[in-house]
Amino acid sequence: MPRLTPAGLGVAVAATAATLALASCGPAPIETGGIPQGEYVLVGMDGGTVPLRNVTLSLAGTQITGRGPCNSFSTQNSATLPALQLSPIASTRMYCKDAPLEGRFFSVLQSATSMEYSGGVLKVKSPETWLILERGHRADEVQVSAVEAARGTQ
38 MPRLTPAGLG
48 VAVAATAATL
58 ALASCGPAPI
68 ETGGIPQGEY
78 VLVGMDGGTV
88 PLRNVTLSLA
98 GTQITGRGPC
108 NSFSTQNSAT
118 LPALQLSPIA
128 STRMYCKDAP
138 LEGRFFSVLQ
148 SATSMEYSGG
158 VLKVKSPETW
168 LILERGHRAD
178 EVQVSAVEAA
188 RGTQ
């Protein structure tokens, strides 16, 4: 068996440490209670479609955050997913033309009791209706690649 020199031992220790550090940086769990974590965009509410993709909901453990057409919001879930028991929703207090849609979204979300995820669709159930969300981002936040950005300036 070959012997390591002090320099070789240092390299081996550094390589092992780097490997362990990379292993600990692995992705966070992608599901909690069968609900994939991440960002969703509202596509349906009250049995109809939503006119614009301008309301988001992000799940990260017990934290639920997002942006409506007018305001950002956050709340905590004290139940274990897929059940919901949300703290009062905190939001900024800006007004815009889509405030009625946003207010309805906040009302339904605040009263929600559970979530279900199936076929790429997240359904947030309240006693009166469902919020229907898909994976994605707001329409005005779509990422543009560097090539597309460069082409747009020519």
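Be aware that the sequence shown starts at 38, since it is given in the numbering used here, and climbs by one per residue. Beta carbons are placed, not taken as given, at the ideal position from N, Cα and C, and that holds for glycine. No experiment lies behind these values; they were computed from the predicted model shown.
Query                                                                                                         : Result
CB contact flag (Thr129, Ser109, <7 Å)                                                                        : yes
Same chain, Cβ closer than 6 Å to Trp167, neighbours up to 5 away in sequence not counted                     : Lys160
Local Cβ density within 10 Å of Thr86, reported as buried at 16 or more and exposed below that                : exposed
Segment contact flag, the stretch 147-155 with the stretch 130-138, C-beta cutoff 8 Å, min 3 pairs            : no
Under 7 Å between C-beta atoms of Arg90 and Ala176                                                            : yes
Limits of the alpha helix (DSSP H) - the one that Ser144 falls within                                         : 136-147
Cβ shell of Gln113 (< 8 Å), same chain only, five flanking positions each side left out                       : Thr99, Gln100, Ile101, Leu123, Ser124
Cβ neighbours of Cys107 in the same chain (closer than 7 Å, five flanking residues each side left out)        : Met131, Tyr132, Cys133, Asp135, Ala136, Glu139
Val87: first and last residue of the uninterrupted beta strand (DSSP E) it sits in                            : Run containing Val87: none; DSSP gives neither H nor E here.
Helix, strand or coil at Ala176 according to DSSP, with G and I counted as helix                              : helix
CA nearest to the CA of Glu76, picked from Ala116, Leu96, Phe143, Met82                                       : Leu96
Residues near Glu171 in its chain [Cβ-Cβ closer than 8 Å; skip 5 each side]                                   : Tyr77, Val78, Val80, Gly157, Val158, Leu159
Outcome for Gly192 when other beta-carbon atoms lying within 10 angstroms are tallied against a minimum of 16 : The requested residue 192 does not occur in the structure, where the chain is confined to residues 38 to 191.
Coil, strand or helix - Pro73 by DSSP                                                                         : strand
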